Structures are given as C-alpha cells and as structure tokens.
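Novice: What follows is a single structure, and I will ask about it in a moment.
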C-alpha cells in the first residue's frame, strides 16, 4: 500500500512538472515577442519576423557596426529598413565607401529619416511626405496602392506587381516601379483628393547609380512586414522579397539605424543576453558564481 | 522548507497554470485580429481589410456627364455679364471635378483616357477661372476709363488702355486653349456615348465672346485741349526696360518762357511719379536741369508710366517696362541648445538681394511663420518643433515684386523623441565595458573571498575528554571518506597535547605502527588545516598538506613526519629506524604546534 502511494506521488510530481514546464515554455514564447513596428522579434502582423526568418544565414550578416561594411567589394547588398534615426558621420562615410566599392544599398522608408540619409550619402532621390493613395488599390483602403514595374532592375526581375501598404512617393532617380495614373499624395491624410493634391503617376521604387555602386529606394518599408508576406497575399510581394534575399550575393542588414532591431520587455532582455558580448560574459560569470555558491554550500 | 509547504506551492502553481489555460480555452489564439489593431502611421492590417469589398465602377459616367454639362453655362453667363452666376457655376464645376478625382473605384476605361479626361477637366477649370477674372477686370477697366475721361487724366487713361489691350489678347489666348481642352473632353465623351452638346456649345460661346471682346472699338480719344503753358518740364529715362535692382536714371529740364525767350529755371522742385505715386524729389540746378536715380524695388512686372511734376507744370509721360526675373531662395536650418528649437536662416536673391521681402517658412507643408529679408536679402527666424522628423522650407511668393517666386530646398530636421524603445547596443561603449569589467572584477574578488573564507560548519570540533574518541565531523553528501581515521581534538590544553602521544602509544600496542601513525598524522593534519584555514583538508594527500604548510615553525618537522608517514603507510616499512624517525618528527611537530598556539 505504501509502495503504491509513493508511486502515485511520483506520477503527480511528473505531471505537475510537465504542466509547469509547458506553461514556462508558452510564457517564454509569449514574452519573447513584442508588438513594435518592424521589429524582427515581433511575430504579429506589423513585425518583420517572417522576413528575418527567411534570410539565408550563410549569406546574411547583421551589421551593428559601420566597420563591418568595409570588407565587401562589388556584390554585397545592404538593406536599411525603416530607419528611425540619422546615422552619425562615421556611418555615413561607411555607407559612401560601401557604394564606392560597387555594392548596392537598398533603403526602404516612408516617413522616417530615409530622405535625410539619402541626402547625406549624396543621392538625388528624395522621399516625399504624405501618404500615397490610389484608385488602383488592392483593398478597401486607398493606401494599399498597387504598383507596377516600369523600369529594369536586376534586384526585381520577378516583381511585376507589388502591393504596398501606406507608401510614400519617391522623387528623382530612375523609376523601377510606379503607381498607375489614378494616384495622388494624400497630404492632409483624409484619404480623399483635395486641392492641392493632384492625380498622377508616382514612383515607389527608384534607383540611382552613385560612384561605382547603386542606391535603390523603396518608399514603403511595410512590404517587409509579416502581413504583406503571407502566402495568400496577392501580387508578387513574396517573389519581390525573394528576389532580394535569394541571390548569391551577401545580404547585409543594417541594425544600426533600423527599426527592425527594436525590442522591449522580456524580448529585450533575451536579445541583450544573446547578442551583446559583455552582457554575455557578465551573465556567464553570474552563472559561474551561482554554481560556485551552490558547490560551496554542498561542500560545507 | 517543509515538504508539505513545497507540495502546496507546487499544487498551487499547477492549478494556476490550468486555470489560465481554461480561461483561454474559448479563444485559444494568442494573437487574434481583434487584439492586433495597433494604430500605425506606417501601415494597415491587411487581414482586417480583406473582410471589406471594393466598390463598383458605375458612378463614373454620371460625374463625367456633369462635368461636360457645367462648362457651357459658365461661358454663357460670362458673355451675358452675369458674373455671380458664372462664379456659382465655376464653383460647382470645380467641386464636381474634384469629386471625379476623388473616385476610389477601379475603372473599366483605359488609363490614358481617364488621365486625359482628368487633365482636360483640370485645365478647363483653370481656363474658365482665368476667363472669369479677366472678364471682371475688363469691366472694371471700362468703369475706370469713364472716370478718368471725366477727370481728363491722360496718364491713367493710357495705363487703362494698355491694360485693356493686354486683357483682350489674353482672352483670345484663353479661347484657343479652351477650344483645345474642351474638344478633348468632347471627343472622349462621344467615344463613351455621352451627350456632348453642352460641351460643344461652350466652345462656340467662348469663341464668340473672344471675338466680341476683341472687336470692341476704343472710345473716342480725349480732345487735345491746348494748354497754355508758361513753363515746361522735360523728362527722359534710361533705360526704359528694367529688372529688379536696376537703377533708373531720370533727367530733364525746367524752363520758362519769357516773351519769345526760353530760359532755364534753377532751384525748382521736381517730383517724379511712377503710376501716380511719388517716388522721389529733386531740385533743378543752376542750368535748370535735374537728375534723379532710383533702384527698381517692389514694383509689379509689366508696363508703368513715369512722369515729373513741378508745381502745376507736368512733363510728358514715359513708359517703363519692368521685366520679371527668377529668384533663388536659400535656407539653412540649425538646431539650438533649447530642445525642439531650430533657427532658419537664408537669403532671397535675384542676382541682387531681394530686400524687405516677406518669406514664408513652411513646416511639414504648412505655413507656420513669416520672416522678412533685410537689406542684404537675408532672413532669420526661430521656430519650435515637436519631436519627430520634420521638413522645413522657405518660400518667397514674389507678390508685388518683379521677381518670380522661388522656394528653398526642403530641409529635414530630426527632433529626437523623449524616449525611444530600442535595444541599446553597448558593444561600442568603453564606459559600459569598463563598468562590466569592474563588475566582473568585483564578482571575482567576492568569489575568491567567499571560497577562501572558513566555512562556519567546518570549525574543528571541540576537544573531548582525554583518551576518548573525538566526535566524527558531520559528513556532507558526496564528501570523500576520511582515509586517515578519526582525528584527535586539536588541543586547547595540556590534556589534549599529551593525548596524542598516549593515543599513539595505545594504538601502536593494539593495532600496530600503520594505524598509530595514521592517527597521529590525522591529528596533526587537522591542527595544521585549522591553522592555515584549509577547507576539506581530508581530500588532500599528506604531501599536499606538507606543501600547504608555509611560514610556520613546525612546517619542516611536519614535512619530515609526512616523509616517514608515506614510507610506513604506503611503502609498508615497519622498521625501527623509520618508527623512531616518525615518532621524533611527531613530537617535534606537536611541540612546535603547541608553541605556535601558545
């Protein structure tokens, strides 16, 4: 009878442990994500987790320091997605040198610091403020503008129709993808055309050759968010993104100025521990100390 | 913690986890569409939009019909002189055109047709608006002509006639433009099966109105009533075509008639007028001549009349043509120490500085402040911005100046937000690295101190009564077994000191040399460990114990004891010399240890 009771207790312990373990795993998964715009740790519709998980780790480098750009010559692609701050002089110089070596810089931004960065780099392309709207749209919102291929670009060879999500308009450079003529820049944000807004064809993707390199500007970073990369999404959005990241070239993803690196809460803590070497060392040291204490207590 | 409490906590945690799962059973989605509606300026959730349907396309044609129907009455009203009616119709036309542009429908018409129709309507609105304004101005000129004719003012009459001729030319030009644009709309309308008669009517009306206006005969000229003048004032200007900032030189003579003789008149005040506005005064010199130079400032482009007066004497009129020129507006934005404050400095030039001109400062597409240029064309103004990325631009409208409007390049200003939720990468920060290493150093030092500290539970056991077995220290789980047997209590008194020799002798008699020397070694090793604060000394070999002994007078004796101990214990030597050597070193060590303790 006693043996049977002990066995029951063991089973109860095992079941309780399993429940707690699963709860802990779910909680960790829940807390390790966030809902920050464009964050690569955000698995919601407005994050870029899907894009980042699709990157080929053998050809992808996360750039956290401008010096990481130095070794690349000719075939590398640097992605600056949704920049939120103005790069410092050192970073700007690194971008310029990166272009001088014949590489390609792709900047995707609508209402961030993209225009200012382009100007600093020496590009003539500018991103105009105001939501680009169109009659030629995908959903019941004039901001979901459909854009079409107008020019040639090796990076968008399979991209003929692209569904955008609140894009801005690009001025300057050679147009690669543009809206139809039934489009306007909604300056006052009322989703309606009012003076001085005017209908016309607007550029959403443009490119420009600078020095030996090339700058490609996409005035809608939202094409990289999870909701735009769903398999049932119409248009060639998935093909466009795969054109970018599935080539043999090295893809560098800027993590110095991009919103894609944003984290908060538990996600931030996990990210810090995982990616920051000093914190890593500190964490390991604390673990060693904890083990030492436990060992000491056992010894005594 | 008691096991009952432990079980209680565990059960509570499990129940809590199960309760949370039960609550979310009805809606197991962690991230549902309802909870994922984050307002964003960057994008919208397309999953939410998928539920909505696009509208149909049938509303386009009625709107196009309205546009075609509106243009006719506008021209008719203008022709009939009903300005108010024309204004109302033009307003309705503009509203309908915007409605057309506002359509958010997918259209069956080709893109080029829609584009063409849309642009044509836009141009028609512009042309009709200009026609309305021109027509109104023409009517006003007609009224003014009557007034100046009654006043017998030839200067203003000339001005009005010049302006009237320009307006008639403009109406003819507008008629031609309108013909082209309206014809485009009519053609597209016909192709889509719309009734275009109203549009065609408007083209015909416009053309007839233009012909009507052009054929208006000038009214009878003023009668040239000879004025008997006793004095005369001449005026010459150079150059007669000028641009902003150019200097105009005006000169002439004042002379009077004395009988049949004409003589110059010195010291006569002369006032120069530009379009009846006095622009300068001068006095004739001894020869009766005068010269006045002035730079062209804020004067509208076009034709102007210059004349001079001195008392009741008036010179002939001279026509001055002012030619507009392009301008350049420059802007530089600098941040100040006050958060959010930026200083906008810049210049407006047209080859020469544009002086005392208003400059609009446009923030994010909206006019926020007016600045005024100084004598060098420079301006400076401070504006306060909220956090975020902003665009600032300076605009010179050119109103009233013979200078075309211009605007500066758009400057982007980034005002840092109060807080940005983002990971702080601390790899590059030397300061943080220093802090990390300090923390690491402190942790290491703490760990070292902690590990070297004598454990509270490792204190040597209290001495028992002489000849008795000392109590065994409590063994922890996993600790190595004591290879040296029980240790004697470290002596705090003479009894303990004498006990070692006695116990050695007793064990030697009963169990032999091996067991006796092990007992003696264990006792002395325990005392050494306490003296040197060596934790877990029982896991150390005798040689390691001997090596651990430092800077004590008994160390050399203890080393010799260990040497003999190893030969007896591990070498199996049970000879008399070895025993004597061990006993001698044991007594020496014991004595020196006691001496050390005392």
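Protein chains in written order, with our numbering: chain Y, 5 to 304; chain L, 670 to 1267. Beta carbons are placed, not taken as given, at the ideal position from N, Cα and C, and that holds for glycine. Given the structure is predicted, the values throughout are model-derived calculations rather than measurements.
#1: To which residues does DSSP link residue 1232(L) through a beta bridge?
#2: Under the three-state reduction of DSSP, which class applies to residue 763(L): helix, strand or coil?
#3: Measure from the alpha carbon of residue 142(Y) to the alpha carbon of each residue in 291(Y), 212(Y), 103(Y) and 236(Y), then state which is nearest.
#4: Just verifying my parser: in three-state terms, what is the DSSP assignment at residue 135(Y)?
#5: Note down, in chain order, all residues in the region 108 to 119 of chain Y with a beta-carbon under 7 angstroms from any beta-carbon belonging to chain L.
#6: Sorted by chain position, which residues of the same chain lie with C-beta nearer than 6 angstroms to residue 83(Y)'s C-beta, five sequence neighbours on each side aside?
#7: Below 7 angstroms CB to CB, which residues in the same chain sit around residue 990(L) once its five sequence neighbours on both sides are set aside?
#8: Given this structure, state the Cα-to-Cα distance separating residue 205(Y) from residue 691(L), to the nearest angstrom.
#9: Would you say residue 716(L) faces chain Y, with C-beta separation under 8 angstroms as the test?
#10: What does residue 41(Y) touch in chain L if you count any residue whose Cβ is under 7 angstroms from its own?
#11: Once DSSP output is grouped into helix, strand and coil, what is the label at residue 95(Y)?
#12: Answer with yes or no whether the minimum CB distance from residue 226(Y) to chain L is below 8 angstroms.
#13: Under 8 angstroms between C-beta atoms, does residue 1060(L) make it to chain Y?
#14: Residues of chain Y with CB under 9 angstroms from residue 1068(L), in chain order?
#15: Closest by CA to residue 159(Y), which one among 135(Y), 210(Y) and 194(Y)?
#16: Use the C-beta contact count for residue 1259(L): other C-beta atoms within 10 angstroms, 16 or more gives buried, fewer gives exposed.
#17: Is the region 840 to 847 of chain L touching the region 816 to 832 of chain L in the sense that three or more CB pairs, one from each, lie closer than 8 angstroms?
#18: Are the CB atoms of residue 743(L) and residue 807(L) nearer to each other than 8 angstroms?
#19: Please say whether residue 1248(L) and residue 1182(L) have beta carbons closer to each other than 8 angstroms?
#20: Would you mind sorting residue 136(Y) into buried or exposed? The rule is 16 or more other CB atoms within 10 Å of its CB.
#21: Using a Cβ-Cβ distance cut-off of 8 angstroms, determine whether residue 686(L) contacts chain Y.
#22: Which one of 1053(L), 719(L) and 981(L) has the shortest CA to CA distance from residue 1006(L)?
#23: Answer yes if the region 98 to 112 of chain Y comes into contact with the region 1038 to 1051 of chain L, meaning at least three C-beta pairs across the two stretches below 8 angstroms, and no otherwise.
#24: Which residues of chain Y have a Cβ atom closer than 8 angstroms to the Cβ of residue 1083(L), listed in chain order?
#25: Mind checking if residue 1181(L) is an interface residue toward chain Y, Cβ cutoff 8 angstroms exclusive?
#26: Starting from residue 683(L), find everything on chain Y with Cβ-Cβ shorter than 7 angstroms and list it in chain order.
#27: For a cutoff of 8 angstroms on Cβ pairs, would you count residue 229(Y) as touching chain L?
#28: At the 8 angstroms Cβ level, is residue 679(L) part of the contact set with chain Y, yes or no?
#29: Is it the case that the Cβ atoms of residue 114(Y) and residue 224(Y) are separated by a distance below 8 angstroms?
#30: Can you pull the chain Y neighbours of residue 719(L), defined as C-beta to C-beta under 8 angstroms?
#31: Could you name the residues that DSSP lists as bridge partners for residue 918(L)?
#32: Would you say residue 691(L) lies against chain Y (beta-carbon separation less than 8 angstroms)?
#33: Give a yes or no on whether the C-beta atoms belonging to residue 221(Y) and residue 183(Y) are separated by under 8 angstroms.
#34: Name the residue from 290(Y), 162(Y) and 70(Y) whose alpha carbon lies nearest to the alpha carbon of residue 241(Y).
#35: Any heavy atom of the ligand ADP closer than 7 angstroms to the CB of residue 285(Y)?
#36: Express the C-alpha separation of residue 823(L) and residue 836(L) in angstroms, rounding to a whole number.
Specialist: Based on what the coordinates show:
#1: Answer by DSSP bridge pairing: none, since residue 1232(L) is not bridged.
#2: helix
#3: 236(Y)
#4: strand
#5: 114, 115, 116, 117 and 119
#6: 110 and 257
#7: 909, 910 and 972
#8: 54 angstroms
#9: yes
#10: 709 and 711
#11: helix
#12: yes
#13: yes
#14: Near residue 1068(L) there are no residues of chain Y at all, since even the closest Cβ is about 18 angstroms away, more than 9 angstroms.
#15: 210(Y)
#16: buried
#17: no
#18: no
#19: yes
#20: buried
#21: yes
#22: 1053(L)
#23: no
#24: 89, 90, 117 and 120
#25: no
#26: 20, 23 and 24
#27: yes
#28: yes
#29: yes
#30: 143
#31: 907(L) and 962(L)
#32: no
#33: no
#34: 162(Y)
#35: This structure simply doesn't include the ligand ADP, nor any ligand for that matter.
#36: 20 angstroms
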